[in-house]
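**Q** Here's a structure for you.
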Ligand SMILES: CC(C)(COP(=O)(O)OP(=O)(O)OC[C@H]1O[C@@H](n2cnc3c(N)ncnc32)[C@H](O)[C@@H]1OP(=O)(O)O)[C@@H](O)C(=O)NCCC(=O)NCCS
């Protein structure tokens with residue numbers, strides 16, 4: 001898709017994280033773990049946790065307001081809302097519909113997208129397709145998750161890894177030569193059981209037994225997911241660069257999924273990237289699933305790390321298993 005019909009890019013950005021911070025030392029009081037283990041194995045120091053009254057749509061709403069403001073747009077002008085999430089407020093209605101109502105975006109189509117931590121890049125690809133082919137003129141794409149609601153805080157294998165947050169972008173037409181240059185999306189459904197929630201769907205509906213068996217919490221085989229992550233971060237990055245007709249030397253800013261500092265470092269090594277060309281905030285937010293890449297992107301933009309014409313490479317991986325990468329000229 002190197003030659004686009006209509007160049008589509010990001011014209012507004014916003015982010016939100018809940019106020020409450022859960023530090024590694026807080027977790028030391030909850031499970032058998034310690035700050036040294038968490039920092040050396042993951043790079044995480046703290047994470048933000050939603051307040052009891054906050055659901056995913058509330059986090060998404062705050063990020064959306066900022067994105068609309070930065071694009072100089074009103075909610076009424078939105079054509080499409082996509083919320084990438086694995087922690088929707090409810091199964092029905094979708095979080096995107098709840099958000100549409102809250103924003104007053106009466107003219108917008110709205111749906112949720114489920115691709116776990118790759119969801120934001122999947123959402124960008126979907127929305128940019130709609131705009132590129134002329135069906136819509138703009139879209140609000142949000143990655144938002146409240147993983148704290150599906151995390152077992154008695155399980156040290158997972159509870160140290162996750163946090164809550166939301167990142168939002170507005171997509172629209174941009175000048176020729178700018179915007180999305182390529183996407184690489186993929187899935188390996190055979191690895192689905194490596195990162196899953198067993199109950200609560202049509203296979204195993206909620207029952208007293210499923211609750212007793214803790215089957216509504218996120219289960220993860222960390223070692224296998226780690227291997228998958230390192231592999232696909234490399235292959236997806238190479239493919240998406242090739243599709244854009246670019247090489248690794250063209251990357252001005254690398255925006256990887258923030259799951260584990262060691263996974264990010266292995267990708268940086270493969271790309272020969274110096275630290276100043278990579279966005280890392282896993283230390284502050286931990287893994288926020290679909291919110292991870294937009295939180296990193298928006299934070300980098302807010303810190304003035306992105307200039308017009310810069311080439312950005314976003315890449316993520318997650319449950320499904322899935323991956324998604326994109327090259328974007330800012
Ligand atoms: C989870 C992860 C950090 C574990 O790191 P690791 O170096 O692979 O650690 P291991 O799995 O080898 O476990 C080492 C030991 O630490 C223990 N351990 C696990 N969590 C711990 C914690 N929070 N504190 C202290 N010890 C812990 C394990 O029980 C294991 O003990 P054992 O050897 O006695 O069985 C790492 O595998 C990872 O990041 N995987 C990918 C996760 C990911 O990205 N998930 C999101 C996908 S979107």
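Numbering (UniProt numbering), first residue to last: 1 to 330.
All C-beta atoms, glycine included, are put in the ideal place defined by N, C-alpha and C.
Remember, predicted model here, so these are calculated numbers, not experimental data.
#1: Between which two residues does the alpha helix (DSSP H) containing residue 26 stretch?
#2: Tell me whether the region 16-36 and the region 147-155 touch, counting them as touching only if at least three CB pairs, one residue from each stretch, are closer than 8 Å.
#3: Use the C-beta contact count for residue 299: other C-beta atoms within 10 angstroms, 16 or more gives buried, fewer gives exposed.
#4: For residue 15, count the other beta carbons within 10 Å of its own beta carbon; 16 or more makes it buried, fewer makes it exposed. Which is it?
#5: Throw me the rounded Cβ distance for the residue 79 and residue 139 pair, which I believe falls under 8 Å.
#6: Inspect the CB distances between the region 49-60 and the region 87-100 and report whether three or more fall short of 8 Å.
#7: Just confirm the distance between the C-beta atoms of residue 330 and residue 310, as a whole number of angstroms; I'd bet it's less than 8 Å.
#8: Hey, how far is the Cα of residue 29 from the Cα of residue 184?
#9: According to DSSP, which residues form a beta bridge with residue 311?
#10: Less than 8 Å separating the Cβ of residue 225 from some heavy atom of ligand 1?
#11: Measuring only the C-alpha atoms, how far is residue 134 from residue 33?
#12: Kindly list the residues whose CB is nearer than 6 Å to the CB of residue 13, restricted to its own chain and excluding five residues on each side of it in sequence; keep chain order.
#13: Is it right to say residue 26 is buried, meaning 16 or more other beta carbons lie within 10 angstroms of its own, or is it exposed?
#14: May I ask which residues mark the beginning and end of the beta strand (DSSP E) holding residue 111?
#15: For ligand 1, is there any heavy atom lying closer than 8 Å to the beta carbon of residue 330?
#16: Give the straight-line distance between the Cα atoms of residue 320 and residue 152, rounded to the nearest whole angstrom.
#17: Mind the definition here: the region 188-205 touches the region 276-289 only if three or more C-beta pairs lie below 8 Å; say whether that holds.
#18: I'd like to know if the region 250-259 and the region 185-192 are in contact, where contact means that at least 3 CB-CB pairs between them fall below 8 Å.
#19: Figure out for me which residue from 48, 83 and 288 has the closest Cα to the Cα of residue 114.
#20: Tell me, to the nearest whole angstrom, how far the beta carbon of residue 180 is from that of residue 316; I am working on the premise that it is less than 8 Å.
#21: Rounded to a whole number of angstroms, what is the C-alpha to C-alpha distance between residue 1 and residue 41?
#22: So what does DSSP say about residue 220, is it helix, strand or coil?
#23: If you measure from the CB of residue 222, is any heavy atom of ligand 1 nearer than 8 Å?
#24: Look up residue 272 in the DSSP assignment and say whether it is helix, strand or coil.
#25: Give me the residue from 120, 318 and 327 with the minimum Cα distance to residue 195.
#26: If you drop the 5 nearest sequence neighbours on each side, which residues of the same chain put their C-beta closer than 8 Å to that of residue 219?
#27: Relative to the C-alpha of residue 178, which candidate in 18, 327 and 17 has its C-alpha closest?
#28: Can you tell me whether residue 214 is helix, strand or coil according to DSSP?
#29: To the nearest angstrom, report how far apart residue 90 and residue 126 are at their CA atoms.
#30: Tell me the rounded alpha-carbon separation between residue 176 and residue 282.
**A** Reading from the atomic positions:
#1: In the chain shown, counting from the first residue as 1, residue 26 sits at position 26. Residues 24-28.
#2: yes
#3: Looking up residue 299 in the chain shown gives position 299. Buried: at least 16 other Cβ atoms inside 10 Å.
#4: Start at 1 with the first residue of the chain shown, and residue 15 comes out as number 15. Label assigned to residue 15: buried.
#5: Numbered from its first residue, the chain shown carries residue 79 at position 79. Numbered from its first residue, the chain shown carries residue 139 at position 139. Indeed, because the Cβ distance is near 6 Å, the residues count as touching under 8 Å.
#6: yes
#7: In the chain shown, counting from the first residue as 1, residue 330 sits at position 330. In the chain shown, counting from the first residue as 1, residue 310 sits at position 310. So it is a contact: roughly 5 Å between Cβ atoms.
#8: Here residue 29 is taken as the residue at index 29 of the chain shown, counted from 1. Here residue 184 is taken as the residue at index 184 of the chain shown, counted from 1. Using only the alpha carbons, I get a separation of about 42 Å.
#9: Residue 311 sits at position 311 when you count from the first residue of the chain shown. Partner(s): 329.
#10: Here residue 225 refers to the residue found at position 225 of the chain shown. Indeed, a heavy atom of ligand 1 lies less than 8 Å from the Cβ.
#11: One-based indexing of the chain shown puts residue 134 at position 134. One-based indexing of the chain shown puts residue 33 at position 33. So the alpha carbons of these two residues sit roughly 52 Å apart.
#12: Counting from one through the chain shown, the residue named residue 13 turns up at place 13. Only 67, 70, 169, 298 and 301 meet the Cβ criterion.
#13: Sequence index remark: in the chain shown, residue 26 carries index 26 (1-based). Residue 26 should be labelled exposed.
#14: Walking along the chain shown from the start, residue 111 turns up at place 111. 109-113 is the extent of the beta strand (DSSP E) around residue 111.
#15: Here residue 330 refers to the residue found at position 330 of the chain shown. No, Cβ of residue 330 sits at least 8 Å from all heavy atoms of ligand 1.
#16: Working through the chain shown from its first residue, we reach residue 320 at position 320. Working through the chain shown from its first residue, we reach residue 152 at position 152. For residue 320 and residue 152, the distance between alpha carbons rounds to 20 Å.
#17: no
#18: no
#19: Working through the chain shown from its first residue, we reach residue 114 at position 114. Checking every option, the nearest Cα to that of residue 114 belongs to 83.
#20: The residue you call residue 180 lines up with position 180 of the chain shown. The residue you call residue 316 lines up with position 316 of the chain shown. Rounded, the Cβ-Cβ distance is 15 Å, inconsistent with contact.
#21: In the chain shown, residue 1 corresponds to position 1, counting from 1. In the chain shown, residue 41 corresponds to position 41, counting from 1. Unreliable placement is indicated for residue 1, whose pLDDT of 49 sits below 50; no coordinate value is reported for it.
#22: Sequence index remark: in the chain shown, residue 220 carries index 220 (1-based). Note: residue 220 maps to strand in three-state DSSP.
#23: By 1-based counting over the chain shown, the position of residue 222 is 222. Yes.
#24: The sequence position of residue 272 within the chain shown is 272, counting from 1. Note: residue 272 maps to coil in three-state DSSP.
#25: Position 195 of the chain shown, counted from the first residue, corresponds to residue 195. Ranking the options by Cα distance to residue 195, first place goes to 318.
#26: Taking the first residue of the chain shown as position 1, residue 219 is located at position 219. So the qualifying residues of the chain are 158, 195, 196, 197 and 198.
#27: As a working note, residue 178 is residue 178 in the chain shown. Ranking the options by Cα distance to residue 178, first place goes to 327.
#28: Position 214 of the chain shown, counted from the start, is the residue given in the question as residue 214. Residue state, collapsed to three classes: coil.
#29: To locate residue 90, count along the chain shown from 1; it is residue 90. To locate residue 126, count along the chain shown from 1; it is residue 126. Their Cα atoms are separated by approximately 22 Å.
#30: If you number the chain shown from 1, residue 176 lands on position 176. If you number the chain shown from 1, residue 282 lands on position 282. Cα-Cα distance, rounded: 34 Å.
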